[in-house]
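Taking the UniProt record's numbering, I'd label the letters of the sequence shown as residues 1 to 351.
Heads up: the structure comes next, in structure tokens.
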Amino acid sequence: MDEQELLEAVASLVRPGGRESACGRSGHPAGHVCLAVSGTVGLSTLLKEFSRRYGQLRNLAMGGFADPTVTERTGLPLLAPFAGELVEMRGWASGGRWIGCGVVRAGDGEQLVVLVAERAAPSPDAPPEGASRADPLLRATGGDARDAARPWAEIEGEGGSELPEDGRTWVQRVIELTGWEPLGIRVDWAAIEGELGAPLPADYKELYEAFGGGVFSDSVFFLGRDEGVSFDFLTQWRAALSVERDSGLGSVSAVDPYEVYAPGGKGVVAWGSTEWADEYCWLIDAGRPGHHPVLARSHDGDPWHRYDMSTSEFLYRVLADAGFRPFGIARYDLGATFRPGSGGPLDGRPL
């Protein structure tokens, strides 16, 4: 199939009532369909098109290593058919289906693959997907549900303060909330910021030095440095920028209406996400060093929300403030915990 045929085939598979997921490839399990891909179609082209149509992608495998945090709920069905063969895999959630696009080893070379897999419903005790729009409290109060119908440009400056009222910094509050013993990680921030061409938020650096990269409340992924591909914000940023810069992909950005940040410019850099693919970013402007508003969007294509608050305040409110709609998770009783990321390339587990 060429590019247009692939896009149409995927759209028909993810449509409610679409045909049964049964793959015809020898040795592949049930529950998915692999689609034939023409040799003229490029990976970057499909990544951008799928992101434009289906929202934020998930990095499930990079450089031949699988994300060790991937579960049935977060994209594992896209990895299962290719044990021992995968090089790259990105995934998108759409209704009752997963969409996957990646590269597998084939003989002495590599081959582009596209598949659609069945998507299991979340467990009853997990945060309900789409809660930001379907929550009865929001419907009754007006709440943030109104934002779903508002253009992105109107969702600006959603509050924030420099310090909590009790005088503790937001970083201290996150540490105390989780009961974490700060690690005191040493980082060459000058080298990292030199590559970016802009400084990072001071409180983000404090958070990283205290925690490293990892997972809060078994749901919120905090990107750091050198914990492996899945928790390395520089690797994630480089990959996103590479796709953005591909001149053959047109002008539509995966972070539309923004752009992925390029050194010396203005754009988006991701620093966190959730198990259900909400995305947390900074809007970095090299012309305004020290200014790092948080941009956040939900997994189901809602507009970007901008918060003029620090990274640590946003993270604290996500974890502890049940009224922080639509991104707060405290109302789900997940507990305030932290689990460090892997110590090597995705736990050193090749696909």
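Built from N, CA and C at the ideal position, the CB exists for glycine as well.
Model, not experiment: these values are computed from the prediction.
Residue nearest to residue i in terms of C-alpha spacing, selected from the options
i            : options                        : result
proline 289  : Ala254, Arg317, Gly194         : Gly194
leucine 76   : Glu275, Val41, Gly287          : Glu275
arginine 41  : Ser12, Glu5, Ala66, Glu72      : Here the sequence assigns valine to residue 41, which means arginine is not the residue at that position. Nearest option by C-alpha distance: Glu5.
glutamate 49 : Gly91, Ala66, Val33            : Gly91
leucine 183  : Trp170, Ala202, Met1, Glu206   : Glu206
glycine 197  : Glu176, Pro293, Gly265, Leu295 : Gly265
glycine 272  : Cys101, Tyr204, Arg73          : Tyr204
alanine 330  : Met62, Pro340, Arg317          : Arg317
alanine 93   : Val37, Cys23, Ala36, Ala11     : Ala11
arginine 325 : Ala66, Asp278, Gly287          : Asp278
alanine 22   : Cys34, Pro16, Arg15            : Cys34
arginine 73  : Trp98, Ser51, Ala66            : Trp98
valine 268   : Ala320, Leu200, Thr71          : Leu200
valine 215   : Val70, Pro16, Glu3             : Val70
Proximity of residue i and residue j at Cβ, strictly below 8 angstroms
i              : j                 : result
tryptophan 297 : histidine 305     : The amino acid occupying residue 297 in the given sequence is arginine; tryptophan does not appear at that position. Cβ atoms of arginine 297 and histidine 305: closer than 8 angstroms.
glutamate 115  : proline 81        : Inspection of the sequence shows that residue 115 is occupied by leucine rather than by glutamate. Yes, they are a contact pair.
valine 174     : serine 312        : yes
valine 87      : glutamate 118     : no
glycine 107    : methionine 89     : no
serine 217     : glycine 96        : no
glycine 102    : phenylalanine 231 : no
tyrosine 208   : isoleucine 192    : no
leucine 60     : leucine 43        : no
alanine 202    : tryptophan 180    : no
leucine 112    : valine 37         : yes
alanine 270    : tryptophan 237    : yes
alanine 262    : serine 51         : no
Distance, residue j Cα to residue i Cα
i                 : j              : result
alanine 322       : aspartate 285  : 31 angstroms
phenylalanine 338 : histidine 28   : 36 angstroms
glutamate 156     : tyrosine 307   : Residue confidence is low: glutamate 156 scores 41 on pLDDT, short of 50, so the model does not pin down where it sits. Its coordinate-derived value is still stated next. C-alpha separation (whole angstroms): 7 angstroms.
arginine 58       : glycine 31     : 20 angstroms
threonine 178     : proline 303    : 30 angstroms
glutamate 259     : glutamate 244  : 8 angstroms
aspartate 333     : serine 219     : 12 angstroms
phenylalanine 222 : leucine 315    : 9 angstroms
glycine 224       : glycine 213    : 4 angstroms
alanine 240       : aspartate 256  : 13 angstroms
aspartate 125     : proline 293    : Here aspartate 125 scores only 44 on pLDDT, less than 50, and its place in the model is too uncertain to base an answer on.
leucine 46        : threonine 169  : 43 angstroms
glycine 63        : cysteine 281   : 23 angstroms
phenylalanine 327 : methionine 309 : 14 angstroms
leucine 39        : methionine 1   : Reading off the sequence, residue 39 comes out as glycine, not leucine. So the two alpha carbons sit approximately 9 angstroms from each other.
tyrosine 54       : leucine 7      : 11 angstroms
glycine 84        : glycine 287    : 45 angstroms
leucine 295       : leucine 283    : 6 angstroms
leucine 234       : alanine 9      : 34 angstroms
glycine 24        : alanine 320    : 47 angstroms
glycine 343       : valine 171     : With a pLDDT of only 47 at glycine 343, under 50, the local geometry of the prediction cannot be trusted, and the value read off the model is given with reservation. If you take the alpha carbons of glycine 343 and valine 171, they lie about 23 angstroms apart.
phenylalanine 65  : serine 242     : 19 angstroms
glutamate 3       : proline 16     : 22 angstroms
alanine 104       : aspartate 226  : Per the sequence shown, the amino acid found at residue 104 is valine instead of alanine. Approximately 25 angstroms, taken between the alpha carbons.
heavy atom of the ligand FAD below 7 angstroms from residue i C-beta
i             : result
histidine 305 : Absence of the ligand FAD from the depicted structure is noted, as is the absence of any ligand whatsoever, leaving it without description.
Which runs of the alpha helix (DSSP H) spanning at least 4 residues fall entirely within the UniProt domain "Knr4/Smi1-like" (184 to 317), listed in chain order?
-> 189 to 196, 202 to 211, 233 to 245
What runs of the alpha helix (DSSP H), each 4 residues or longer, lie entirely inside the region 32 to 85?
-> 43 to 54
Whole beta strand (DSSP E) elements within the region 96 to 124, 3-residue minimum | 97 to 106, 109 to 118
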